Amino acid sequence: MKPLKVLLVEDNEADAELTRETLDGSRLPVDLRVAADGTEALDILSGRLGGERTEPDLILLDLNLPGLGGRQVLAAIKADDHLKSIPVVVLTSSDAESDVVASYQAGANCFITKPCDFTAYQQVVEALEGFWFCIATLPRGGANV
């Protein structure tokens, strides 16, 4: 089976490492790439960092990023014909209703507030994995199919 490609856009190294460790324990092969800020995420998606466009199967996006924020990244993804069909899960520390509403209005497929507890965070990542990788059907072979 071809690995599922996930782009995690997360500036908190501890959260990124916990996500990586949890997905490494997955029963499915997962190719996780991490972008530490919004600019790096868009560079990865556009191919500016590696020569060719990267079209992950799923994007996990923090809203509160240094520089180009998650809201702007989400808007750019959903405005790009090559990327807009990629599911975007907003995974953020915010629980503000305005962030929830704005994220869905901008095209997010899901909004999850990160739990503060280590075990609860790991359970959220496992639940995301179970839903997006085992229950939902993702477009494979590139998002622009």
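Each step along the sequence shown adds one to the number in my numbering, with nothing skipped, and position 74 is 70.
Every residue gets a Cβ at the ideal spot worked out from N, C-alpha and C, and that includes glycine.
Nothing here was measured: the structure is a model prediction, and the numbers come from that model.
Just mark residue i as buried or exposed, buried being the case when its beta carbon has 16 or more other beta carbons within 10 Å.
i      : result
Phe107 : buried
Glu93  : exposed
Asp27  : exposed
Ala104 : buried
Gly34  : buried
Shortest alpha-carbon distance to residue i belongs to which of the options?
i      : options                           : result
Ser144 : Pro(-1), Ile131, Ile55 and Val97  : The chain is shown only over -3 to 141; residue 144 falls outside these bounds and no answer can be derived.
Val84  : Asp91, Ser90 and Arg67            : Arg67
Glu17  : Glu122, Phe129, Cys130 and Ile131 : Glu122
Val120 : Leu45, Arg49, Ser89 and Thr133    : Ser89
Ala63  : Cys130, Met(-3), Ala132 and Glu6  : According to the sequence displayed, residue 63 carries Gly and not Ala. Out of Cys130, Met(-3), Ala132 and Glu6, Glu6 has the C-alpha closest to the C-alpha of Gly63.
I need the DSSP call for residue i, collapsed to helix, strand or coil.
i      : result
Asp77  : coil
Ile131 : helix
Ala102 : coil
Arg29  : strand
Ile55  : strand
Thr109 : strand
Report back the beta-carbon spacing between residue i and residue j to the nearest angstrom; my notes put them in contact at under 8 Å.
i      : j      : result
Ala72  : Leu38  : 6 Å
Glu125 : Leu3   : Going by Cβ atoms, the distance from Glu125 to Leu3 rounds to 15 Å, so no, they are not a contact pair.
Ile191 : Ala31  : A question about residue 191 goes unanswered here, because the residues of the chain that appear run from -3 up to 141.
Glu36  : His78  : About 18 Å; that fails the 8 Å criterion.
Asp58  : Leu0   : Going by Cβ atoms, the distance from Asp58 to Leu0 rounds to 20 Å, so no, they are not a contact pair.
Asp91  : Thr109 : 4 Å
Please report the straight-line C-alpha distance between residue i and residue j, rounded to a whole angstrom.
i      : j       : result
Ala12  : Val86   : 14 Å
Cys112 : Leu61   : 18 Å
Ala102 : Val96   : 10 Å
Trp128 : Gln118  : 15 Å
Ser22  : Lys(-2) : 14 Å
Ala132 : Leu24   : 14 Å
Ala98  : Asp76   : 18 Å
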